[in-house]
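First up is the structure itself, then whatever we jot down about it.
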Amino acid sequence: MRHLLLASTILLSAGSAHAQTQGGASADPSILTPERVFSSPGLNGPVARGVSLSPDGQLVAFLRPREDDNDVQDLWAAPVGPGEPYKLIDSRALVPDAGELSEAEKARRERMRVSARGVVEYSWDKQGRYILAPLEGDIFLATRADGSVRRLTETEADEIDAKVSPLGNFVSYVRDQDLVVYDLADGRETPVTTDGDGLVTWATAEFIAQEEMDRDTGYWWSPDERYIALTRVDESPVDVVPRFEISGDGATVVQQRYPRAGRPNALVELYVQDRQSGQRVKVDLGANTDIYLARVDWAGDGKTLYVQRHSRDQKTLDLLSVDPATGASRVILSQKADAWVDLNNDFRVLKDGRFLWSNEDSGWRHLYLYDRDGRLVRPVTRGDYPVKHLDGVDETTGDVFFTASMRDGEELPIEQQMFRASLNSTVEPVAVTPAGGWWNVSVNGPATAYVGNYSDPKTPPQSALYSIDGQRIRWIEENRLDAAHPFSPYVSHLPTPEYGTLQSHGETLVWRMTTPPGFDPSKKYPVVMQVYGGPGTGAGVQKSWQPLTNQLLTDAGYVVFRLDNRGEGDRSQRFETSIYRRLGLAAVEDQTLAAQWLKQQPYVDPDRIAVMGWSFGGFLSLLTLTQPEAGLAAALAGAAPTEWSLYDTHYTERYMSTPQDNPEGYAETDILPRLDDLTGRLMILHGMADDNVIFANATRVIDALQAKSVPFEMMLYPGQRHGVRGDPRQLQQWRTYLDFLDRTIGPRSVSKTD
Numbered sequence: 001m002r003h004l005l006l007a008s009t010i011l012l013s014a015g016s017a018h019a020q021t022q023g024g025a026s027a028d029p030s031i032l033t034p035e036r037v038f039s040s041p042g043l044n045g046p047v048a049r050g051v052s053l054s055p056d057g058q059l060v061a062f063l064r065p066r067e068d069d070n071d072v073q074d075l076w077a078a079p080v081g082p083g084e085p086y087k088l089i090d091s092r093a094l095v096p097d098a099g100e101l102s103e104a105e106k107a108r109r110e111r112m113r114v115s116a117r118g119v120v121e122y123s124w125d126k127q128g129r130y131i132l133a134p135l136e137g138d139i140f141l142a143t144r145a146d147g148s149v150r151r152l153t154e155t156e157a158d159e160i161d162a163k164v165s166p167l168g169n170f171v172s173y174v175r176d177q178d179l180v181v182y183d184l185a186d187g188r189e190t191p192v193t194t195d196g197d198g199l200v201t202w203a204t205a206e207f208i209a210q211e212e213m214d215r216d217t218g219y220w221w222s223p224d225e226r227y228i229a230l231t232r233v234d235e236s237p238v239d240v241v242p243r244f245e246i247s248g249d250g251a252t253v254v255q256q257r258y259p260r261a262g263r264p265n266a267l268v269e270l271y272v273q274d275r276q277s278g279q280r281v282k283v284d285l286g287a288n289t290d291i292y293l294a295r296v297d298w299a300g301d302g303k304t305l306y307v308q309r310h311s312r313d314q315k316t317l318d319l320l321s322v323d324p325a326t327g328a329s330r331v332i333l334s335q336k337a338d339a340w341v342d343l344n345n346d347f348r349v350l351k352d353g354r355f356l357w358s359n360e361d362s363g364w365r366h367l368y369l370y371d372r373d374g375r376l377v378r379p380v381t382r383g384d385y386p387v388k389h390l391d392g393v394d395e396t397t398g399d400v401f402f403t404a405s406m407r408d409g410e411e412l413p414i415e416q417q418m419f420r421a422s423l424n425s426t427v428e429p430v431a432v433t434p435a436g437g438w439w440n441v442s443v444n445g446p447a448t449a450y451v452g453n454y455s456d457p458k459t460p461p462q463s464a465l466y467s468i469d470g471q472r473i474r475w476i477e478e479n480r481l482d483a484a485h486p487f488s489p490y491v492s493h494l495p496t497p498e499y500g501t502l503q504s505h506g507e508t509l510v511w512r513m514t515t516p517p518g519f520d521p522s523k524k525y526p527v528v529m530q531v532y533g534g535p536g537t538g539a540g541v542q543k544s545w546q547p548l549t550n551q552l553l554t555d556a557g558y559v560v561f562r563l564d565n566r567g568e569g570d571r572s573q574r575f576e577t578s579i580y581r582r583l584g585l586a587a588v589e590d591q592t593l594a595a596q597w598l599k600q601q602p603y604v605d606p607d608r609i610a611v612m613g614w615s616f617g618g619f620l621s622l623l624t625l626t627q628p629e630a631g632l633a634a635a636l637a638g639a640a641p642t643e644w645s646l647y648d649t650h651y652t653e654r655y656m657s658t659p660q661d662n663p664e665g666y667a668e669t670d671i672l673p674r675l676d677d678l679t680g681r682l683m684i685l686h687g688m689a690d691d692n693v694i695f696a697n698a699t700r701v702i703d704a705l706q707a708k709s710v711p712f713e714m715m716l717y718p719g720q721r722h723g724v725r726g727d728p729r730q731l732q733q734w735r736t737y738l739d740f741l742d743r744t745i746g747p748r749s750v751s752k753t754d
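Its first residue numbered 1, the sequence shown is counted upward by one per residue in the working numbering.
Written as structure tokens, this is what we have:
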């Protein structure tokens, strides 16, 4: 469930059903409509996605949605010095008629939460000579020197997870469950494996790795191109869960291999292929095969392979040092915890053999420097805040760059910046990016420059190239909110969020509230509580540009409120693990606290409060509507997991252990026994081809409500998986939301009015 927040974000981004005035009068042009939000060009402006700097630091590449279709992306480039951005790969010109993707690629994109078409990913070779771009199932290579684009494959099968080898001599990809290497010099393909078939797949991340572990690949080139480490996945131990994929054209029964909590996982093995000798050796991952292959990294000289091995109960994370020639391994460092050890992407091997890694031993996630044998050298960061991720290291100066939400050594969850620390001593970090908003950065290899993406509640997403000291070199997308900006007609209604805190069990919870245009605190307003609430995601309450759907709700007359409950966001270890073995119960307690607080505010109508959420947020919406102390009037619950034994192993067992070990926890978080306590009207929404939170999560609630003769509403999406994709369907989705809110807590609701 690592990206389930995306579906929640889609849910929270559209327009007002009240854009038209009564009696046929002209619409107020400053009021957002769902029709405008879900059309092209996008109202957020020219937002660059997937921005990266070339290895030599001279060119910036990025993805840009087409003006004529916001759901299709092209690849653009801009020189670091003078010169305008130019289109490097025109997706429509190369593939005018995009066909149907293979099931493997559909599943992979679903796991990565990629909903766009066209160019959706790309990669550089380490010299910066080429940019590789998969496009609609085939592979294209752009040569930087002359701007030419070369088509490498044109097959019926999809080539997935394509990469340029580190020295730029080869391109690799997975086709029909086997790994293939393409020689750029002579155009020949060489299969690395040939027996991928049925339930055996080479070099591809298994379902659990993609969905929950933030590992989207199953193979790794050594820096000198001699070796390729690759996985072999055998799904035969995994339960077959028959699943209907219901579309507008009919229904298909999919015999899905779905690893449910407490049940077997796929068998994942790791091998190293020696391209010089043709020999393949198996990596020793230990005698216990019921483990997770979490991360794989190469040392810079290609002589050591580092593997992170996560125990099935996720209480131990081992770092293995592997000899690629023999596959022999030894554990050089272990992280342990009473609840769980979170995975991260902070492991970085330095040229001298030492490495950086983060852990939460202090109660907060911090960076530590180790020698090559795993012995601690020193802490790199410390304080009452968590390091969110390691961004870069300048080994010449010893500077270490990382992202955190903090100020003056104390956590500040609603803002995010990049900071500089040191390899050579434990010093107080220095902020590189300005305070006051939300920064995401991508630092180049030598840590001499970074791409910075910034927004705040009044500034739509901007991206620029900066020198490592924070000086802007050039804009990539300035995205100035001026009269020419597509959002300009609606800027007068742009809400100014208010931020605050509530206290729960000794923890500080942050909230955000926006109010309707012309807000009068002497009047009473209906409230929409937006929730996600699940662990393993970033903060929802941010000083950043807000989803446009927030303004749709405020334009429709609703106060919009969001609280980050315990377990949600990047906070202390205690804050996160307060949910252990009782997933959702601390969250609903905190959301109930928020509902009670809202009812005490003089401008809130206590009888007209609704909650809405998707995925974990759908689950939390159901929980809160069945909490008598919250006393909510309505809930919109989308794609909700309603009984945790139906969900997958890695996510569920991390927070709940197994159903066999924690039957009480699974029972008390089941939605069905709570349905007698519904306090208001309910709408259930679900994709009818959802392969993540399978449709049975919805049908069991539908069946129980019907058996109890309880009226409810339902909106199902044929052919849609875990998120509702495409402007037309999202437009329908938001029209449905707004209509439901209008009838239950809005102007048409049966409740008191001023």
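All C-beta atoms, glycine included, are put in the ideal place defined by N, C-alpha and C.
To the nearest whole angstrom, what separates the beta carbons of residue i and residue j, a pair I think is in contact under 8 Å?
i    : j    : result
D391 : F401 : 4 Å
R799 : D71  : Since the first residue of the chain shown is 1 and the last is 754, residue 799 is not available in this structure.
Y306 : D318 : Actually they do not touch by this definition, with Cβ atoms about 11 Å apart.
L356 : V387 : Wrong, their Cβ atoms sit about 11 Å apart, outside the cutoff.
R608 : I745 : 4 Å
P413 : T381 : That pair is no contact at about 17 Å.
D605 : W545 : Not confirmed; about 29 Å, so no contact.
In angstroms, rounded to a whole number, what distance separates the CA positions of residue i and residue j?
i    : j    : result
R309 : F712 : 46 Å
P495 : A93  : 40 Å
L343 : E360 : 11 Å
L741 : P526 : 10 Å
I702 : D323 : 54 Å
L367 : D197 : 42 Å
V268 : D234 : 7 Å
P29  : K543 : 27 Å
A698 : Q255 : 19 Å
D178 : P191 : 7 Å
E576 : D195 : 43 Å
Using 9 Å as the threshold, is the C-beta distance between residue i and residue j below it?
i    : j    : result
G533 : P747 : no
R312 : N345 : no
A421 : D399 : yes
S172 : Y219 : yes
W614 : G538 : no
T658 : E629 : no
L257 : D239 : Residue identity check: residue 257 is Arg in the sequence provided, not Leu. Result yes, Cβ atoms of R257 and D239 sit closer than 9 Å.
A640 : I684 : yes
G383 : M406 : yes
S572 : W364 : yes
S334 : T316 : yes
P82  : W76  : no
I208 : Y292 : yes
Starting from residue i, trace the alpha helix (DSSP H) in both directions and tell me its first and last residue.
i    : result
T624 : 616-625
L548 : 548-555
P663 : 663-668
Y655 : 649-656
W734 : 727-744
The beta strand (DSSP E) spanning residue i covers which residue range?
i    : result
K163 : 159-164
T143 : 138-143
E415 : Element bounds for E415: n/a, residue is neither H nor E.
A133 : 130-135
W220 : 219-221
P460 : 459-467
P673 : Per DSSP, P673 belongs to no beta strand (DSSP E) and is neither H nor E.
D703 : Careful: D703 lies outside any beta strand (DSSP E), inside the alpha helix (DSSP H) at 696-707.
Cβ of residue i within 8 Å of any heavy atom in the ligand MN?
i    : result
P606 : With respect to the ligand MN, the structure shown offers nothing to examine, as it has no ligands at all.
Query raised in the report: If you pair each beta-carbon of the stretch 636-653 with each one of the stretch 676-693, do three or more pairs fall below 8 Å?
Result: yes
Query raised in the report: So does the stretch 227-237 actually touch the stretch 192-203, counting three or more Cβ pairs closer than 8 Å?
Result: yes
Report task. Evaluate the contact criterion for the stretch 44-53 versus the stretch 561-574: three or more CB pairs, one atom per stretch, below 8 Å. Result -> A contact between stretches requires three or more CB pairs, one per stretch, nearer than 8 Å, and the stretch 44-53 fails this requirement with the stretch 561-574.
Query raised in the report: Touching or not, the stretch 671-679 and the stretch 606-626, by the rule of three or more beta carbon pairs under 8 Å?
Result: Taking one beta carbon from each stretch, the stretch 671-679 and the stretch 606-626 have 3 or more pairs nearer than 8 Å; the two touch.
Query - Touch test, the stretch 241-254 against the stretch 707-721, Cβ-Cβ under 8 Å, three pairs minimum - result: yes
**Report entry** Cβ pair count under 8 Å reaching 3, the stretch 33-47 against the stretch 459-476
**Finding:** Yes: at least three Cβ pairs fall under 8 Å.
Query raised in the report: Does the count of Cβ pairs from the stretch 728-737 and the stretch 506-522 closer than 8 Å reach three?
Result: no
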